[in-house]
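A.B. asks: Residue numbers (our numbering), protein chains in the order written: chain R, 2 to 114; chain W, 6 to 124.
1) Can you tell me which residues form a DSSP beta bridge with residue 95 (chain W)?
2) Does chain R have any CB closer than 9 Å to the CB of residue 107 (chain W)?
3) For the region 19-39 of chain W against the region 64-79 of chain R, are there 3 or more C-beta pairs whose distance is under 8 Å?
4) Could you give the first and the last residue of the continuous beta strand (DSSP E) run that contains residue 118 (chain R)?
5) Nearest to residue 17 (chain R) by alpha carbon, out of R:93, R:88 and R:84?
6) Can you tell me whether DSSP reads residue 86 (chain R) as helix, strand or coil?
7) Give the DSSP-derived three-state secondary structure of residue 89 (chain W) in the structure shown.
8) Flag this pair as yes or no: are the beta carbons of residue 118 (chain W) and residue 15 (chain W) separated by less than 9 Å?
9) Tell me whether residue 24 (chain R) counts as near the ligand SAH, meaning its Cβ is closer than 8 Å to at least one heavy atom of that ligand.
10) For a contact meaning CB atoms closer than 9 Å, what does residue 110 (chain W) contact in chain R?
11) Taking just the CA atoms, how far does residue 90 (chain R) sit from residue 112 (chain R)?
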């Protein structure tokens with residue numbers, strides 16, 4: 002069965018640079034969630050999209066922005082990167098109203114040096 | 006705001022034995038879901054089991070079962086016949102769906118319990 006795809010899997014950036022993380026949800030899934038998991042921490046909700054509209058926002062810095070495109074894939078744009086942005090970034094998808102189970106991608110490991 | 010508490014940072018169990026991981030949560034909502042996710046060393050987040058708050062019957066998935074006590078706001082995970090492959094971080098997670106339109110379906114996680122299964 003198709004799973005959530007995230008790219009790249011690993012990314013190394015320097016401070017103050019910009020990074021773009023991509024998420025391709027499971028086919029026919031209409032909702033995408035982004036989570037950030039710092040070292041030794043639990044995942045923290047960043048932002049979600051339902052049918053290409055932002056549906057909820059968590060503790061996402063103003064330096065980050067995201068969107069969901071017409072093909073339902075989503076991108077998380079991170080600017081002016083800081084050392085504290087080093088984390089594992091998960092994307093998860095679901096079909097809202099059909100199932101509330103969120104299926105997670107493998108994550109993108111971002112390292113800021 | 007919802008909070009999820011896992012009071013056991015680490016646990017260990019012998020292979021083939023049974024172990025129970027604890028989770029409590031705090032919410033004023035009446036409709037919600039509870040989940041247990043497993044995160045092995047690969048860091049992949051894998052759904053283990055889910056429980057709908059309106060269901061009194063405890064969820065079961067093969068060797069995994071929950072003890073859901075709504076009044077006590079408790080949601081423990083029991084793993085029977087533990088296997089080496091069960092070694093992982095286990096996260097308890099909460100999701101409310103009081104509002105429509107996609108909002109409030111985010112997961113709130115506990116801090117996790119690192120489970121080690123010993124041979």
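In this text, a Cβ means the ideal position worked out from N, Cα and C, and glycines have one as well.
C.D. replies: Taking the coordinates as given:
1) W:43 and W:118
2) In this prediction, residue 107 (chain W) scores a pLDDT of 48, lower than 50, which makes its location untrustworthy; the coordinate-derived value is nonetheless stated afterwards. With 9 Å as the cut-off, residue 107 (chain W) counts as an interface residue toward chain R.
3) no
4) Shown here, chain R extends from 2 to 114; a query on residue 118 (chain R) therefore has no answer.
5) R:84
6) helix
7) helix
8) yes
9) No copy of the ligand SAH appears in this structure; indeed no ligand is present at all.
10) 32, 34, 49, 51, 56, 57, 95, 97, 101 and 103
11) 11 Å
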